[in-house]
Amino acid sequence: MQVSLRIVLILMLAVLVLAIRGGKQDLHPTEMAAVRDIVTIVSVQTQYMAEFGKYAGSLAELGPAGNGVRPGPWAADLIPASLASGQKGGYSFKIARTPGGYSIDADPIVFGKTGRRTFYADQSMIIRQNWGPEPASERSPEFK
Numbered sequence: 004m005q006v007s008l009r010i011v012l013i014l015m016l017a018v019l020v021l022a023i024r025g026g027k028q029d030l031h032p033t034e035m036a037a038v039r040d041i042v043t044i045v046s047v048q049t050q051y052m053a054e055f056g057k058y059a060g061s062l063a064e065l066g067p068a069g070n071g072v073r074p075g076p077w078a079a080d081l082i083p084a085s086l087a088s089g090q091k092g093g094y095s096f097k098i099a100r101t102p103g104g105y106s107i108d109a110d111p112i113v114f115g116k117t118g119r120r121t122f123y124a125d126q127s128m129i130i131r132q133n134w135g136p137e138p139a140s141e142r143s144p145e146f147k
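Here the sequence shown is numbered in the working numbering, starting from 4 and rising by one per residue.
The following block contains the structure:
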């Protein structure tokens with residue numbers, strides 16, 4: 004990976020971590036973990052784009068390749084299997100390719116118990132939230 008791409012990824016991660024810290028006083032522990040996982044996905048989507056010329060359209064494309072299989076666009080080995088499975092820490096995660104890039108949805112598996120809000124992010128690197136069971140979208144308020 005080029006040095007300039009690494010610097011960009013480090014700066015993006017730093018900005019997103021600061022955003023998490025700014026809003027963490029209202030976060031349920033599972034929500035904080037979900038936001039961290041979204042930050043991870045946003046970061047590796049940038050890396051995936053740099054390596055393969057497109058964004059991943061599924062978590063499996065970002066996940067581990069498996070025994071004896073070399074990483075590639077089908078399974079880039081950029082996130083752990085626990086996140087690539089689509090469920091982690093009380094949240095369900097989905098990503099999709101969109102005409103402008105990609106979208107990330109994170110919803111509590113059991114609303115009210117494993118989380119009180121839903122999250123959305125895309126290639127803009129802005130995390131959005133919805134206080135309620137309806138999925139967050141690009142029109143939802145920014146997570147701060």
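Each residue gets a CB set at the ideal place from its N, CA and C atoms; glycine is no exception.
These figures come from a predicted structure and were not determined experimentally.
Span of the alpha helix (DSSP H), counted from its first residue to its last, around residue i
i          : result
residue 51 : 32-55
residue 63 : 62-65
DSSP bridge partner residues for residue i (one or two, in chain order)
i           : result
residue 129 : DSSP lists no partner for residue 129.
residue 78  : 75
residue 69  : According to DSSP, which records beta bridges pairwise, residue 69 is partnered with nothing at all.
Per-residue burial, residue i [other beta carbons within 10 Å of its own, 16 or more giving buried]
i           : result
residue 143 : buried
residue 73  : exposed
residue 64  : buried
residue 24  : Annotation note: pLDDT 48 at residue 24 (below 50); position unreliable, coordinate value reported separately. Per the 10 Å Cβ criterion, exposed.
residue 27  : Only weak support is given to the placement of residue 27: the predicted model assigns it a pLDDT of 47, under 50, and the question is left unresolved by the model.
Start and end residues, beta strand (DSSP E) containing residue i
i           : result
residue 85  : Careful: residue 85 lies outside any beta strand (DSSP E), inside the alpha helix (DSSP H) at 84-87.
residue 139 : It is not in any beta strand (DSSP E) - residue 139 carries neither H nor E in the DSSP assignment.
residue 99  : 94-101
residue 105 : 104-111
Rounded Cβ spacing between residue i and residue j (contact assumed at less than 8 Å)
i           : j           : result
residue 110 : residue 94  : 7 Å
residue 69  : residue 78  : 7 Å
residue 96  : residue 107 : 7 Å
residue 60  : residue 100 : 4 Å
residue 38  : residue 130 : 6 Å
Residue i vs residue j beta-carbon contact at 9 Å
i           : j           : result
residue 123 : residue 138 : yes
residue 140 : residue 133 : yes
residue 34  : residue 118 : yes
residue 76  : residue 105 : no
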